[in-house]
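Chains A, B, C and D are the protein sequences, given in the same order.
For the first sequence, position 68 (counting from the first letter as 1) is numbered 68 according to UniProt numbering, and the numbering increases by one without interruption.
For the second sequence, position 149 (counting from the first letter as 1) is numbered 149 according to UniProt numbering, and the numbering increases by one without interruption.
For the third sequence, position 213 (counting from the first letter as 1) is numbered 213 according to UniProt numbering, and the numbering increases by one without interruption.
For the fourth sequence, position 257 (counting from the first letter as 1) is numbered 257 according to UniProt numbering, and the numbering increases by one without interruption.
By construction, the Cβ of each residue, glycine as well, lies at the ideal position given by its N, Cα and C atoms.
Since this is a predicted model, take the numbers as computed values, not measurements.
Here's the structure, in structure tokens; my notes come after.
4 protein chains.
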Amino acid sequence: MQKPSDPTIACLLICCPDRPGIVAGVSMFFFQLGANILDASQHSTDPREGLFFMRMEIQLEVPDRAQLEHSFQQQVATPLAMEWHIHYSDQRKRMAIMVSSYDHCLMELLWRWRSGELAVDIPLVISNHTRLEKECSTLNIPFHYLPVNAENKTAQEQATIRLLQEHQVDFTVLARYMQILSPHFVGLYPQRIINIHHSFLPAFAGARPYLNAYTRGVKLIGATAHYVTNELDEGPIIEQDVARVSHKHSVDDLVMLGRDIERQVLSRAIKAHIENRVIVHGNKTIIF
Amino acid sequence: MQKPSDPTIACLLICCPDRPGIVAGVSMFFFQLGANILDASQHSTDPREGLFFMRMEIQLEVPDRAQLEHSFQQQVATPLAMEWHIHYSDQRKRMAIMVSSYDHCLMELLWRWRSGELAVDIPLVISNHTRLEKECSTLNIPFHYLPVNAENKTAQEQATIRLLQEHQVDFTVLARYMQILSPHFVGLYPQRIINIHHSFLPAFAGARPYLNAYTRGVKLIGATAHYVTNELDEGPIIEQDVARVSHKHSVDDLVMLGRDIERQVLSRAIKAHIENRVIVHGNKTIIF
Amino acid sequence: MQKPSDPTIACLLICCPDRPGIVAGVSMFFFQLGANILDASQHSTDPREGLFFMRMEIQLEVPDRAQLEHSFQQQVATPLAMEWHIHYSDQRKRMAIMVSSYDHCLMELLWRWRSGELAVDIPLVISNHTRLEKECSTLNIPFHYLPVNAENKTAQEQATIRLLQEHQVDFTVLARYMQILSPHFVGLYPQRIINIHHSFLPAFAGARPYLNAYTRGVKLIGATAHYVTNELDEGPIIEQDVARVSHKHSVDDLVMLGRDIERQVLSRAIKAHIENRVIVHGNKTIIF
Amino acid sequence: MQKPSDPTIACLLICCPDRPGIVAGVSMFFFQLGANILDASQHSTDPREGLFFMRMEIQLEVPDRAQLEHSFQQQVATPLAMEWHIHYSDQRKRMAIMVSSYDHCLMELLWRWRSGELAVDIPLVISNHTRLEKECSTLNIPFHYLPVNAENKTAQEQATIRLLQEHQVDFTVLARYMQILSPHFVGLYPQRIINIHHSFLPAFAGARPYLNAYTRGVKLIGATAHYVTNELDEGPIIEQDVARVSHKHSVDDLVMLGRDIERQVLSRAIKAHIENRVIVHGNKTIIF
Numbered sequence: 001m002q003k004p005s006d007p008t009i010a011c012l013l014i015c016c017p018d019r020p021g022i023v024a025g026v027s028m029f030f031f032q033l034g035a036n037i038l039d040a041s042q043h044s045t046d047p048r049e050g051l052f053f054m055r056m057e058i059q060l061e062v063p064d065r066a067q068l069e070h071s072f073q074q075q076v077a078t079p080l081a082m083e084w085h086i087h088y089s090d091q092r093k094r095m096a097i098m099v100s101s102y103d104h105c106l107m108e109l110l111w112r113w114r115s116g117e118l119a120v121d122i123p124l125v126i127s128n129h130t131r132l133e134k135e136c137s138t139l140n141i142p143f144h145y146l147p148v149n150a151e152n153k154t155a156q157e158q159a160t161i162r163l164l165q166e167h168q169v170d171f172t173v174l175a176r177y178m179q180i181l182s183p184h185f186v187g188l189y190p191q192r193i194i195n196i197h198h199s200f201l202p203a204f205a206g207a208r209p210y211l212n213a214y215t216r217g218v219k220l221i222g223a224t225a226h227y228v229t230n231e232l233d234e235g236p237i238i239e240q241d242v243a244r245v246s247h248k249h250s251v252d253d254l255v256m257l258g259r260d261i262e263r264q265v266l267s268r269a270i271k272a273h274i275e276n277r278v279i280v281h282g283n284k285t286i287i288f
Numbered sequence: 001m002q003k004p005s006d007p008t009i010a011c012l013l014i015c016c017p018d019r020p021g022i023v024a025g026v027s028m029f030f031f032q033l034g035a036n037i038l039d040a041s042q043h044s045t046d047p048r049e050g051l052f053f054m055r056m057e058i059q060l061e062v063p064d065r066a067q068l069e070h071s072f073q074q075q076v077a078t079p080l081a082m083e084w085h086i087h088y089s090d091q092r093k094r095m096a097i098m099v100s101s102y103d104h105c106l107m108e109l110l111w112r113w114r115s116g117e118l119a120v121d122i123p124l125v126i127s128n129h130t131r132l133e134k135e136c137s138t139l140n141i142p143f144h145y146l147p148v149n150a151e152n153k154t155a156q157e158q159a160t161i162r163l164l165q166e167h168q169v170d171f172t173v174l175a176r177y178m179q180i181l182s183p184h185f186v187g188l189y190p191q192r193i194i195n196i197h198h199s200f201l202p203a204f205a206g207a208r209p210y211l212n213a214y215t216r217g218v219k220l221i222g223a224t225a226h227y228v229t230n231e232l233d234e235g236p237i238i239e240q241d242v243a244r245v246s247h248k249h250s251v252d253d254l255v256m257l258g259r260d261i262e263r264q265v266l267s268r269a270i271k272a273h274i275e276n277r278v279i280v281h282g283n284k285t286i287i288f
Numbered sequence: 001m002q003k004p005s006d007p008t009i010a011c012l013l014i015c016c017p018d019r020p021g022i023v024a025g026v027s028m029f030f031f032q033l034g035a036n037i038l039d040a041s042q043h044s045t046d047p048r049e050g051l052f053f054m055r056m057e058i059q060l061e062v063p064d065r066a067q068l069e070h071s072f073q074q075q076v077a078t079p080l081a082m083e084w085h086i087h088y089s090d091q092r093k094r095m096a097i098m099v100s101s102y103d104h105c106l107m108e109l110l111w112r113w114r115s116g117e118l119a120v121d122i123p124l125v126i127s128n129h130t131r132l133e134k135e136c137s138t139l140n141i142p143f144h145y146l147p148v149n150a151e152n153k154t155a156q157e158q159a160t161i162r163l164l165q166e167h168q169v170d171f172t173v174l175a176r177y178m179q180i181l182s183p184h185f186v187g188l189y190p191q192r193i194i195n196i197h198h199s200f201l202p203a204f205a206g207a208r209p210y211l212n213a214y215t216r217g218v219k220l221i222g223a224t225a226h227y228v229t230n231e232l233d234e235g236p237i238i239e240q241d242v243a244r245v246s247h248k249h250s251v252d253d254l255v256m257l258g259r260d261i262e263r264q265v266l267s268r269a270i271k272a273h274i275e276n277r278v279i280v281h282g283n284k285t286i287i288f
Numbered sequence: 001m002q003k004p005s006d007p008t009i010a011c012l013l014i015c016c017p018d019r020p021g022i023v024a025g026v027s028m029f030f031f032q033l034g035a036n037i038l039d040a041s042q043h044s045t046d047p048r049e050g051l052f053f054m055r056m057e058i059q060l061e062v063p064d065r066a067q068l069e070h071s072f073q074q075q076v077a078t079p080l081a082m083e084w085h086i087h088y089s090d091q092r093k094r095m096a097i098m099v100s101s102y103d104h105c106l107m108e109l110l111w112r113w114r115s116g117e118l119a120v121d122i123p124l125v126i127s128n129h130t131r132l133e134k135e136c137s138t139l140n141i142p143f144h145y146l147p148v149n150a151e152n153k154t155a156q157e158q159a160t161i162r163l164l165q166e167h168q169v170d171f172t173v174l175a176r177y178m179q180i181l182s183p184h185f186v187g188l189y190p191q192r193i194i195n196i197h198h199s200f201l202p203a204f205a206g207a208r209p210y211l212n213a214y215t216r217g218v219k220l221i222g223a224t225a226h227y228v229t230n231e232l233d234e235g236p237i238i239e240q241d242v243a244r245v246s247h248k249h250s251v252d253d254l255v256m257l258g259r260d261i262e263r264q265v266l267s268r269a270i271k272a273h274i275e276n277r278v279i280v281h282g283n284k285t286i287i288f
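Have a look at this one:
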């Protein structure tokens with residue numbers, strides 16, 4: 001497991017056409033710098049003509065990060081036609097939370113953040129309701145109230161985007177935020193907005209999934225965390241889980257049971273995102 | 001748990017408008033006959049104006065079953081506007097299995113039947129392929145080969161229905177039978193045809209669910225056992241379950257993992273059906 | 001599901017030697033008072049010479065509860081040699097929480113209480129550390145700091161008992177309280193102290209279960225909620241659950257993953273206790 | 001996923017003291033031979049002074065396997081103080097099954113073997129009962145009946161060992177074989193005898209685990225597949241799983257439900273073993 005605050009630890013994510021020599025090339029590059037590979041996972045869509053993905057955790061003294069990255073580009077990435085990112089563990093991600101009035105996902109994230117499980121900074125929470133202000137102020141997290149209606153929707157979204165930019169937010173979590181984001185907003189943060197949907201997608205996309213699950217008479221209800229795209233509830237799935245229900249459960253019971261699944265699923269998805277374990281490929285995710 | 005072969009054990013299923021006095025009326029009726037109530041479960045859709053459902057396992061010497069049922073109708077069922085059925089444990093249900101060429105569901109059912117877990121008679125297996133004939137003949141179960149193509153479909157379905165009627169089949173299991181039954185066939189056996197669909201419905205209804213699950217990138221795959229209605233994959237759900245998958249799994253892997261879920265889900269659904277634990281209400285099931 | 005604040009709803013728990021006529025007797029008694037049976041579950045250890053248990057939710061106008069209970073005793077309970085309790089939904093249980101310094105179980109319970117999931121009053125929290133005082137005071141729950149060491153242990157336990165009595169506590173939850181209670185304390189609250197143990201008992205009873213699970217190399221870790229008896233970690237189990245782990249997980253990872261299981265398991269156990277769904281029989285529980 | 005019959009695919013397992021350069025050394029060695037790394041997983045007990053483990057699937061034309069292995073030893077393994085094994089996919093493992101009279105594990109393994117899920121040869125089944133002979137002969141698997149009693153135990157074990165040696169068995173599965181093997185036998189096949197125990201170890205080791213689980217009143221029952229050592233039920237755990245039970249389940253019900261868990265857990269453990277995904281370290285397993 002990643003120790004997030006150690007400046008000598010970095011996480012490298014790569015994607016390139018599969019061919020012999022990738023692991024050798026990458027590992028030799030870092031070995032020559034005296035690095036130790038702490039963990040490595042790889043995936044190939046097809047050894048012949050497919051794409052190769054790898055996540056590598058490296059322990060390494062890096063006197064000059066720009067220099068390191070420049071060398072890596074020249075010696076490894078360019079020859080292998082590689083896309084890559086490197087994340088240093090001392091650079092904590094900055095996570096914004098957007099929420100409406102349900103508190104369970106927000107409370108779960110704040111508790112995990114406070115307990116050290118989620119190694120992020122939370123520079124702000126944005127809500128279209130005032131209800132959860134105290135939960136944030138108690139923890140000294142700035143709370144921004146941006147109510148949304150048909151008339152001010154565009155303006156408020158602009159205000160939201162300004163806030164995210166001012167606070168240099170890396171990614172945003174929709175912790176049961178009940179407004180649909182515009183394509184403009186989504187386009188600014190590709191694979192950097194995580195939503196929790198309260199069904200096991202693709203079943204019960206859209207509004208009122210618990211009511212629809214109740215009406216259909218399913219024996220399992222679920223929740224899905226996914227990256228937001230412009231197709232509602234169609235983005236790449238990061239994590240899902242389910243719980244067993246029966247004829248005894250009313251819609252209210254499903255809502256209550258579902259809260260527990262939502263909290264777990266969203267937390268796991270965010271943890272994977274923070275630890276740089278997620279690579280999006282097409283409309284699917286690789287979770288290392 | 002029901003001891004299926006004991007002639008003194010019966011299982012009563014009832015449905016009537018909810019109102020005070022139902023449990024008292026039913027239990028007093030049987031108490032006066034010297035019966036012991038072994039188990040009872042009840043469900044009400046709404047105590048005010050709703051429907052009341054109950055399953056009761058009774059131990060009782062019944063010298064004359066027709067007389068018992070006549071009395072129950074007059075003294076209890078008619079006054080309470082009740083629909084009801086009584087099943088005696090010494091009347092084993094007769095289960096037909098229809099299968100194409102995948103063997104896993106058939107083999108699972110035969111193994112559970114042979115081990116005594118499924119307390120049914122299996123008078124015949126019907127298949128549109130010859131591949132699984134030996135599996136049946138080894139266990140002395142008559143195997144009927146009824147190949148289906150565009151031209152003979154109606155005739156073969158008629159032949160199928162005749163076989164089911166000749167063998168006095170109580171219910172039919174589609175253990176990965178890859179033909180769609182006609183409305184006529186389905187109409188003859190309401191809530192008496194159980195299908196296993198290889199997805200967590202309502203997600204991935206229709207053809208190729210594992211391929212579609214793979215393409216969508218879900219993190220859970222599932223299976224659903226349901227009663228067959230004329231809406232494809234829309235009938236009342238009896239049982240569902242899921243298994244966790246990842247980006248590492250190919251479509252073939254999903255098919256392989258899915259087999260284990262299908263076997264479990266179908267077995268549990270059939271067990272519930274055999275033990276008279278399933279009541280269909282609208283398009284949903286109550287599983288006692 | 002029980003609507004906890006409705007004064008016309010009561011929950012009856014009974015235990016008596018199994019014999020014909022119990023359900024008839026109980027249901028007839030309530031029918032004659034105009035009651036509606038909202039839900040009923042029963043269990044028999046053996047129809048012949050066994051014990052019969054039943055939980056019944058009843059809707060009933062009760063002008064005089066003492067009178068009702070007197071009649072029930074005379075007309076039903078005495079003839080059937082029945083032990084029984086009746087709980088009225090407008091009588092909220094009073095739950096004390098004892099906790100040391102881990103916050104996750106306490107936070108979970110307070111959140112569920114605040115959200116209305118746990119229909120109890122929480123008159124006080126008792127801790128041998130000061131760390132979680134603010135979490136309680138924020139919600140206006142009195143927090144009592146009673147530090148324990150080898151010398152003051154008996155005196156502090158006396159003080160604890162006095163507090164529980166003064167506050168008329170119905171049951172106490174040990175939400176990761178790291179002191180062993182004396183037989184005297186336990187004896188005062190039989191089946192009314194719920195502990196969460198951080199393993200799937202009977203595996204890894206006693207101290208350091210996560211370390212022991214790590215050392216043994218199990219592939220599942222778990223948590224167990226049970227009633228406290230004088231045999232450490234040997235009391236009747238109310239609820240258990242597990243999560244999958246692998247060689248990748250350090251002891252710290254197990255502790256972190258285990259927190260999620262502990263929170264869920266303890267919450268479900270308390271919910272069952274509050275809703276009067278638990279009957280203890282010998283050293284086992286019946287969970288209706 | 002490994003394609004087991006492709007002669008160009010090999011699986012390398014290594015263990016050595018952790019230090020920089022291991023991945024680079026191994027991957028460079030194979031790159032220079034023109035190999036493609038299909039999959040790789042690694043684990044370190046501690047980057048400082050710990051042990052490093054790796055599993056690598058390689059695609060490679062190997063004209064001379066002895067020559068390849070000799071080069072690897074000299075150029076990579078000796079400098080890094082490495083223990084290692086290489087398995088070629090065209091070398092199917094030879095699996096013996098030992099069984100007493102319960103059929104569920106044997107049937108499950110034979111079905112999975114027949115369906116191609118378990119890519120092994122099964123040269124023989126050995127049993128101390130005759131009951132399952134037909135199940136083997138139907139599939140043309142030699143069945144050896146070696147009844148065991150107090151007097152012939154040592155002789156029959158000698159006969160068993162001779163059979164395993166004659167048939168060049170790579171590993172043996174105890175598919176509910178109810179005899180304890182001698183230290184001599186176990187010593188001949190370290191980490192090559194897989195047992196299924198019908199409880200979630202370390203709970204309920206030894207005899208009658210379902211009865212003991214029933215008596216203790218657990219809410220989950222389980223099964224454990226492990227390598228056999230001379231400490232009964234104490235060997236390295238490969239796989240475990242559980243199922244939920246309640247007060248309604250008799251011991252017979254637990255036995256029946258447990259069969260499903262046993263079948264699943266044993267199958268998964270064997271699959272991991274066959275695919276060379278298991279490394280034993282001390283008394284624990286690393287499952288890649």
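{"Check": "Taking Cβ-Cβ distances shorter than 8 Å, what residues in chain B pair up with residue 72 of chain C?", "Outcome": "Going along chain B, no residue has its Cβ under 8 Å from residue 72 of chain C, so there is no contact; the nearest lies around 14 Å."}
{"Check": "Let me make sure I understand the geometry here. Which of D:26, D:94, D:250 has the alpha-carbon closest to that of residue 71 of chain D?", "Outcome": "D:26"}
{"Check": "To the nearest angstrom, how far is the alpha carbon of residue 117 of chain B from that of residue 7 of chain D?", "Outcome": "43 Å"}
{"Check": "Could you please tell me which residues of the stretch 135 to 168 of chain B, in chain order, have their CB closer than 8 Å to any CB of chain A?", "Outcome": "none"}
{"Check": "Can you find the residues in the same chain that come closer than 6 Å, C-beta to C-beta, to residue 193 of chain D, ignoring five residues on each side of it along the sequence?", "Outcome": "172, 228"}
{"Check": "Can you find the residues in the same chain that come closer than 7 Å, C-beta to C-beta, to residue 176 of chain B, ignoring five residues on each side of it along the sequence?", "Outcome": "99, 100, 102, 105, 196"}
{"Check": "Got a sec, what are the start and stop residues for the beta strand (DSSP E) residue 224 of chain A sits in?", "Outcome": "220 to 227"}
{"Check": "Checking contacts by CB at 8 Å: is residue 13 of chain D closer than that to chain C?", "Outcome": "no"}
{"Check": "Against chain A, with Cβ distances strictly below 8 Å, would residue 191 of chain C count as a contact?", "Outcome": "no"}
{"Check": "Taking Cβ-Cβ distances shorter than 9 Å, what residues in chain C pair up with residue 52 of chain D?", "Outcome": "Neighbours of residue 52 of chain D on chain C: none; closest Cβ ~13 Å, over 9 Å."}
{"Check": "What three-state label does DSSP hand residue 124 of chain C in the structure shown?", "Outcome": "strand"}
{"Check": "With 7 Å as the C-beta to C-beta threshold (strictly closer), list the residues of the stretch 251 to 270 of chain D near chain B in chain order.", "Outcome": "253, 256, 260, 264"}
{"Check": "What ranges does the beta strand (DSSP E) occupy inside the stretch 233 to 268 of chain C, keeping only unbroken runs of at least 3 residues that lie completely in it?", "Outcome": "237 to 244"}
{"Check": "Output the boundary residues of the beta strand (DSSP E) element that contains residue 145 of chain B.", "Outcome": "143 to 145"}
{"Check": "Do residue 221 of chain A and residue 185 of chain A have their C-beta atoms closer together than 8 Å?", "Outcome": "no"}
{"Check": "Measure the beta-carbon distance from residue 86 of chain B to residue 10 of chain B and round it to whole angstroms, keeping in mind my assumption that it falls under 8 Å.", "Outcome": "5 Å"}
{"Check": "Is the CB of residue 1 of chain B under 8 Å away from at least one CB in chain D?", "Outcome": "With a pLDDT of 42 at residue 1 of chain B, under the threshold of 50, the modelled position of that residue is not reliable, and the figure given next carries that caveat. Yes, its Cβ sits closer than 8 Å to a Cβ of chain D."}
{"Check": "Under a CB-based cut-off of 8 Å, is residue 217 of chain A close to chain D?", "Outcome": "no"}
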